[in-house]
Amino acid sequence: MLNKSLTLNTNLFYNDYEGYQGLLSNRITNIPEGKSYGFEAEVNYRLTSDLALHGGFGLLRSEITEAPTGTTYKGNEFNYAPHFTGNVGFTQHFGGGFFFGSDLSYVGEYYSDIANTETTKAGKYTLVNVNLGYETKSYTIRTYVKNALDEDVLYLYRGTNLQVGQPRTFGVTFDYRF
Numbered sequence: 008m009l010n011k012s013l014t015l016n017t018n019l020f021y022n023d024y025e026g027y028q029g030l031l032s033n034r035i036t037n038i039p040e041g042k043s044y045g046f047e048a049e050v051n052y053r054l055t056s057d058l059a060l061h062g063g064f065g066l067l068r069s070e071i072t073e074a075p076t077g078t079t080y081k082g083n084e085f086n087y088a089p090h091f092t093g094n095v096g097f098t099q100h101f102g103g104g105f106f107f108g109s110d111l112s113y114v115g116e117y118y119s120d121i122a123n124t125e126t127t128k129a130g131k132y133t134l135v136n137v138n139l140g141y142e143t144k145s146y147t148i149r150t151y152v153k154n155a156l157d158e159d160v161l162y163l164y165r166g167t168n169l170q171v172g173q174p175r176t177f178g179v180t181f182d183y184r185f
């Protein structure tokens with residue numbers, strides 16, 4: 008029925024760490040023990056010979072199970088560990104080698120460091136990317152717009168230390184196959 012047009016990949020995982028390195032303020036600190044577990048899924052579906060759809064999501068939980076001596080971080084989450092991530096997109100091929108595609112990705116809120124204070128929360132953003140191109144057996148030329156809606160993205164926030172995402176970005180790529 009699907010004629011080899013559907014691909015599904017899944018991953019169920021559990022990690023038990025000893026000697027995990029986490030961020031605390033502006034330095035890296037050793038965490039004696041921690042764990043993370045979750046589930047990821049990805050699906051690719053060729054709806055027609057010219058239209059391909061894709062999507063995926065990830066669920067994650069993390070916990071510091073033994074904190075550094077003299078700290079209260081036991082039970083806190085790892086830094087950069089969003090509970091949910093997701094993406095959907097498509098590529099539409101037209102006659103003569105032309106194609107158009109777009110994707111949307113979401114990253115849930117997370118803490119920038121292991122202290123897990125409200126002031127270190129980051130993430131919780133959605134990005135839209137679009138591309139238009141031309142493809143032959145030998146090469147592909149593609150124009151793109153990343154972060155097409157010019158979303159303000161905050162990857163890291165610790166007081167005056169910020170790490171932000173790229174604004175709307177335009178570009179061209181060229182791939183040659185030999």
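Numbering (this note's numbering), first residue to last: 8 to 185.
Yeah, the Cβ is synthetic: ideal placement off N, Cα and C, and Gly gets one too.
No experiment lies behind these values; they were computed from the predicted model shown.
Would you say residue i and residue j are within 8 Å of each other, going by their C-beta atoms?
| i | j | result |
| --- | --- | --- |
| Tyr-117 | Ala-88 | yes |
| Lys-72 | Glu-40 | The question names Lys, but residue 72 in the sequence shown is Thr. Yes, these two residues count as a Cβ contact at 8 Å. |
| Leu-15 | Phe-46 | no |
| Ile-18 | Lys-42 | Inspection of the sequence shows that residue 18 is occupied by Asn rather than by Ile. No, these two residues do not count as a Cβ contact at 8 Å. |
| Val-179 | Thr-150 | yes |
| Thr-176 | Asn-154 | yes |
Once DSSP output is grouped into helix, strand and coil, what is the label at residue i?
| i | result |
| --- | --- |
| Glu-142 | strand |
| Thr-126 | helix |
| Gly-82 | coil |
| Gly-93 | strand |
| Gly-172 | coil |
Measure the alpha-carbon distance for residue i versus residue j and round it to whole angstroms.
| i | j | result |
| --- | --- | --- |
| Glu-70 | Gly-96 | 32 Å |
| Val-137 | Val-50 | 19 Å |
| Tyr-30 | Glu-158 | It is Leu, not Tyr, that sits at residue 30 in the sequence shown. Straight-line Cα distance between these residues: approximately 26 Å. |
| Asn-37 | Gly-103 | 56 Å |
| Phe-64 | Asp-120 | 23 Å |
| Gly-183 | Tyr-141 | The sequence given here has Tyr at residue 183, not Gly. Cα to Cα, Tyr-183 sits roughly 12 Å from Tyr-141. |
| Tyr-80 | Leu-139 | 47 Å |
| Gln-28 | Pro-75 | 11 Å |
| Phe-20 | Tyr-44 | 5 Å |
| Ala-129 | Tyr-164 | 6 Å |
| Ala-59 | Gln-173 | 27 Å |
| Arg-53 | Arg-34 | 46 Å |
| Ser-56 | Arg-68 | 38 Å |
| Val-135 | Ser-32 | 31 Å |
Tell me, to the nearest whole angstrom, how far the beta carbon of residue i is from that of residue j; I am working on the premise that it is less than 8 Å.
| i | j | result |
| --- | --- | --- |
| Thr-98 | Phe-91 | About 25 Å separates the two Cβ atoms, so there is no contact after all. |
| Leu-161 | Val-171 | 6 Å |
| Asn-83 | Asn-123 | 4 Å |
At a cut-off of 7 Å, is residue i close to the ligand COA when judged by its beta-carbon and the heavy atoms of the ligand?
| i | result |
| --- | --- |
| Ile-38 | This structure simply doesn't include the ligand COA, nor any ligand for that matter. |
For chain B, check one thing: does any of its Cβ atoms lie closer than 8 Å to the Cβ of residue i?
| i | result |
| --- | --- |
| Thr-14 | In the structure shown, chain B does not exist; there is a single protein chain. |
query: Taking the runs of the beta strand (DSSP E) that are 3 residues or longer, which of them lie wholly in the segment 17 to 87?
result: Counting only runs of 3 or more, we get 34 to 53, 58 to 73.
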